[in-house]
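J.: Residue numbers (full-length UniProt numbering): 1 to 77.
Where is the CB? At the ideal position from N, CA and C, for every residue including glycine.
Small disclaimer: the values here were computed from a predicted structure and weren't measured.
1. What three-state label does DSSP hand residue 52 in the structure shown?
2. If you follow the alpha helix (DSSP H) that residue 66 is part of, which residue opens it and which one closes it?
3. When you compare only the Cα positions, how much space is there between residue 26 and residue 77?
4. Starting from the C-beta of residue 31, find all residues in its chain whose C-beta is less than 7 Å away, skip the five residues before and the five after it, and write them out in chain order.
5. In three-state DSSP terms, what is residue 1?
6. Using the C-alpha atoms, what's the distance from residue 13 back to residue 67?
7. At the level of alpha carbons, what is the spacing between residue 71 and residue 59?
Below you can see the structure in the form of structure tokens.
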């Protein structure tokens, strides 16, 4: 963790933003992959975990839920 701290402190704004976005992306991927391995994919459980990383407005939640439902429906065909 100290090496990451040093790396963060030495970065400029652009690099720092990209670095943080990559960390968030990796964490989201871990959460989604973990839940996809389970039987009975639960969108709400994934979304609840994602909200612990960053705040998500209700409108975004509704839109992602809609897309998720459409995807599940298409895959079931």
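T.: Taking the definition as stated:
1. For this step, residue 52 is matched to residue 52 along the chain shown. In the structure shown, the three-state DSSP call for residue 52 is coil.
2. Indexing the chain shown from 1 puts residue 66 at position 66. Run containing residue 66: 58–76, per the alpha helix (DSSP H) assignment.
3. Residue numbering aside, residue 26 sits at position 26 when the chain shown is read from its first letter. Residue numbering aside, residue 77 sits at position 77 when the chain shown is read from its first letter. So the two alpha carbons sit approximately 30 Å from each other.
4. Here residue 31 is taken as the residue at index 31 of the chain shown, counted from 1. Residues 46, 49, 50 of the same chain have their beta carbon placed closer than 7 Å to that of residue 31, with the five preceding and five following residues left out of the count.
5. Taking the first residue of the chain shown as position 1, residue 1 is located at position 1. Residue 1 sits in coil when the DSSP states are folded into three classes, being neither helix nor strand.
6. The residue given as residue 67 occupies position 67 in the chain shown. The residue given as residue 13 occupies position 13 in the chain shown. Their Cα atoms are separated by approximately 33 Å.
7. Start at 1 with the first residue of the chain shown, and residue 71 comes out as number 71. Start at 1 with the first residue of the chain shown, and residue 59 comes out as number 59. Going by C-alpha positions, residue 71 is about 19 Å away from residue 59.
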